[in-house]
Structures are given as structure tokens and as C-alpha cells.
Amino acid sequence: MAHSLIQRRREAERARVEAYELSLRHVSQRTRPPPDFETAIYEAKRGFEADIVRDAEAWKPRMKTRDAARLRLAAARYLFARYPVAEHLEQIWIDGAGLGAGEIHLRKRWYIAVAGGGSLYTAGAAEWLSRKEVHAFLNPLGSVGFEAAIWQAIARSYANDPAIAMRIARTRITQTPRAQHRFWREVVRFFCAHPTTVEDMDDFHDYLADCHRRDPEYTLKGRH
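First residue of the sequence shown? That's 0 in numbering that gives the first Met the number 0, and the numbers climb one at a time after it.
Printed below as a string of C-alpha cells:
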């Protein structure tokens with residue numbers, strides 16, 4: 000008798016727990032917001048409305064993610080992309096932390112030019128890269144970020160050994176201000192002619208950065 004009573008109590012308690020968990024699932028399903036496609040489209044097209052190649056209102060993605068960054072990238076692909084592009088060009092739609100408004104605009108502009116089938120060289124890259132280097136930038140070796148892809152491309156134009164270019168792309172040169180591009184291009188050329196380790200290049204980078212800070216006219220020309 001006692002055993003039967005205990006058993007009934009256990010079953011009743013289990014039923015209450017199951018009912019409670021079921022109610023929680025129903026509440027969660029009712030309150031969980033759907034993916035915010037409207038915000039994703041708005042954020043992606045803002046400032047680049049003239050470059051859109053598809054009707055924004057016709058975007059009906061079959062996506063379950065609620066991650067705003069991934070939705071924004073998907074929206075950018077829909078709005079601007081006729082062709083797939085490398086990951087380092089897409090990254091700006093996912094994360095622009097630490098970048099100024101001008102840099103964010105530049106990276107989005109480069110993405111739109113390439114994804115739309117245009118010439119990145121004429122879209123602004125010519126200020127920093129040769130045509131050969133633009134091609135290398137668009138087809139980097141390995142997985143690299145935006146700045147690393149730029150410096151890897153420059154190094155590939157000077158070095159026959161891809162390993163040298165890949166090492167340079169891992170140095171602190173990739174963190175240098177773009178306003179100092181000409182000086183650090185000289186440094187990359189020097190490292191391609193005198194290859195060494197990433198650690199040695201970083202040490203030399205710190206020394207050269209100090210030299211350039213004290214004397215903006217400092218150059219490596221004639222020191223090769």
C-alpha cells in the first residue's frame with residue numbers, strides 16, 4: 000500500500016515537472032523574436048543605395064539565425080554581390096570594431112566594387128597597390144585579414160618565395176597607419192631581399208617605427 004502511494008506521488012510529481020517544462024517551451028517559442036531581416040537590409044544598404052543590384056524589398060532569406068552580423072553579411076551579399084569574394088573582404092560586414100568611419104566606408108566600397116564585378120584598382124586601390132598586387136590581394140595565400148592581405152600582396156610582388164610573403168603578413172607591419180604606406184613598403188621590400196623570422200621582423204619594425212617617428216624623412220633606400 001505504502002509502495003503504491005509513493006509510486007503515485009512520484010508519477011504526479013513527474014507529470015507536474017513535465018507540464019512545467021512544456022509551458023516554459025511554449026512561452027519561449029512565443030517570445031523568441033524572428034530574425035530581423037529589415038534591420039539587416041537597412042544597415043547593409045545605408046550609404047550605398049546607388050550600388051544596389053537587387054530589389055531590397057524582395058529579399059526573402061531562408062535563415063534561422065538571429066545573429067545581426069551574419070544577417071548583415073547575407074543582406075550585403077544579396078544587395079551587392081554578383082560574384083563571390085574572399086573572406087577578408089566580407090569581414091567588414093560582420094565586425095568593424097576599432098575602425099574609423101572612413102576606414103569602414105573604404106572597406107565596404109572595396110567589397111562592393113569586387114562583388115559587383117568592377118575593378119578594385121580603379122575603385123581606389125591604385126593609391127596603394129599595383130595591378131599585380133591588387134590581383135594578389137584578391138587571391139591571398141591562406142586565411143588572412145584585410146590589412147594582412149594588403150601587405151602579403153605587396154610582399155608577393157617583391158618575393159619569389161610565398162613563405163616570405165606569408166611571414167610578412169604576420170608581422171606588426173600590418174598594423175601600421177596607411178598614411179605611412181610608402182615608408183613601410185620600403186621596409187617590406189627590404190625584408191623580401193633579406194628574409195628573416197617574424198620575431199626578428201617585429202623587433203626591426205619597432206626600431207624602424209621609432210626612427211620614422213623621430214625623422215619622418217627617414218628612409219631605407221641605399222641601405223639594402
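Ideal Cβ positions, reconstructed from N, Cα and C, are used throughout, including at glycine. Being a predicted model, the structure only gives us computed values, none of them experimental.
### Message
Counting only C-beta atoms, is residue 131 closer than 7 Å to chain B at any point?
### Response
Looking for chain B here will not work: only one protein chain is present.
#### Entry: For residue 67, the nearest candidate out of 37, 57, 85 (CA to CA)
37
#### Entry: Separation of residue 118 from residue 27, as counted between CA atoms
With a pLDDT of only 48 at residue 27, under 50, the local geometry of the prediction cannot be trusted, and the value read off the model is given with reservation. If you take the alpha carbons of residue 27 and residue 118, they lie about 48 Å apart.
### Task
For residue 87, collect the residues of the same chain with a Cβ closer than 7 Å to its Cβ; drop the 5 residues on either side in sequence, then sort them by chain order.
139, 143, 144, 145, 148
### Message
Between which residues of its own chain and residue 206 is the CB-CB distance below 6 Å, once the five residues before and five after are set aside?
### Response
none
### For residue 172, the first and last residue of its enclosing alpha helix (DSSP H)
Segment: none, residue 172 is in no alpha helix (DSSP H) and carries neither H nor E.
### Message
Using the three-state DSSP reduction, which class does residue 134 fall into: helix, strand or coil?
### Response
helix
### Option in 175, 173, 135 with minimal Cα separation from residue 159
135
### Message
Using 8 Å as the cut-off, can you tell me whether the region 109-125 makes contact with the region 76-87, which would need three or more C-beta pairs spanning the two stretches below that distance?
### Response
yes
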